[in-house]
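Here the structure is laid out as structure tokens; the discussion comes afterwards.
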Ligand SMILES: Cc1ncc(COP(=O)(O)O)c(C=O)c1O
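Following this line, the structure appears as structure tokens:
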């Protein structure tokens with residue numbers, strides 16, 4: 009009796025791929041094979057249409073705001089580097105939290121930016137025996153979350169007030185009036 013293989017490394021890549029994925033890849037390799045946006049011939053246009061359709065589908069799957077916000081990267085390392093570097097403002101004194109057993113695609117860019125003084129990094133300790141977060145770290149994580157929440161709330165209130173002022177400017181409203189929105 010053949011041994012049944014159970015693949016459990018889906019963080020690295022998914023397996024097995026559904027037949028529809030194989031069909032689409034074969035169709036692209038044998039029937040299209042062009043590069044999107046690199047020409048006006050039929051196959052290049054078809055490739056662009058396919059990309060646009062995938063963006064639409066991803067947007068609907070993830071309930072996104074705009075299909076154009078979905079980008080394709082070389083792999084997870086490339087995507088994570090892009091996201092992390094895009095979020096960090098070297099002058100902004102940001103704070104990143106990761107675990108000490110995160111993948112190198114996270115640890116290395118964070119470590120480099122920390123060395124350059126661009127942000128502070130907290131590496132949550134993990135118990136090597138079971139891979140679980142060390143309970144001693146929970147209080148520290150809670151404090152960081154509360155601080156992040158308060159910061160976000162303060163910023164959203166300031167933004168709301170400045171937008172409201174734009175809307176009500178020139179209306180000559182009595183001082184202290186609270187609008188119902
Ligand atoms: C948890 C985790 N994150 C990121 C990566 C990086 O993915 P990629 O090899 O697609 O760059 C891997 C790869 O194994 C991973 O297991």
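Residue numbers (this note's numbering): 9 to 189.
Positions of the beta carbon are idealized from the N, C-alpha and C atoms, including for glycine.
This structure is a prediction, so every number in the text was calculated from the model and none was measured.
Proximity of the beta carbon of residue 84 to ligand 1 is indicated: a heavy atom of the ligand is located closer than 7 angstroms. In the three-state reduction of the DSSP assignment, residue 12 falls in the coil class. Per the C-alpha coordinates, the member of 22, 139, 98 and 87 positioned closest to residue 128 is 98. By a beta-carbon distance limit of 8 angstroms, residue 135 contacts residue 142. Their separation comes to about 6 angstroms.
Taking each of 131, 87, 158 and 137 in turn and checking the Cα distance to residue 145, the smallest one comes out for 131. When C-alpha distances from residue 41 are compared across 25, 65, 26 and 58, the shortest belongs to 58.
Look at residue 113: its beta carbon is less than 7 angstroms from one of the heavy atoms in ligand 1. Counted as a single uninterrupted DSSP element, the stretch harbouring residue 55 is not any beta strand (DSSP E) but the alpha helix (DSSP H) occupying residues 50-69. Between the region 38-55 and the region 64-76 there are fewer than three inter-stretch CB-CB distances shorter than 8 angstroms, so the stretches are not counted as touching. Setting aside the 5 residues that flank it on each side, residue 126 is surrounded in the same chain by 96 and 98, each with a C-beta closer than 7 angstroms to its C-beta; the list follows chain order. CA-CA distance, residue 26 to residue 33, rounds to 11 angstroms.
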